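Only one structure is covered here, and it is reproduced in the block below.
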Amino acid sequence: MLNAQVKTRLEAENNGSRVSGELLYGGQLLTPYVDFTADSPAVVWK
Numbered sequence: 002m003l004n005a006q007v008k009t010r011l012e013a014e015n016n017g018s019r020v021s022g023e024l025l026y027g028g029q030l031l032t033p034y035v036d037f038t039a040d041s042p043a044v045v046w047k
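Dropping the structure here:
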């Protein structure tokens, strides 16, 4: 039997305040998207 431990660390910004920490109980994270056809490609989280 394989026993694996996964830790998820994240950094987030909300209303100009940046926080970081470890995701303890799961949850839904946003998915990053990039439009590489744009003049200035940027990551958008949806």
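One gets the numbering used here by counting positions in the sequence shown from 1 and adding 1 to each.
Note that the Cβ used here is the ideal one computed from N, Cα and C, for glycine as well.
These numbers were taken from a predicted model, which means no experiment stands behind them.
Residues bridged to residue i [DSSP beta-bridge criterion]
i: V44; result: V35
i: N16; result: In DSSP, N16 forms no bridge with anything.
Endpoints, the beta strand (DSSP E) within which residue i is located
i: L25; result: Premise fails: L25 is in no beta strand (DSSP E) and is neither H nor E.
CB of residue i within 8 Å of CB of residue j, strictly
i: K47; j: E23; result: no
i: V45; j: Y34; result: yes
Local conformation of residue i per DSSP, three classes
i: L3; result: coil
Best match in the options for proximity to residue i [C-alpha to C-alpha]
i: L31; options: L25, F37, A13, S41; result: A13
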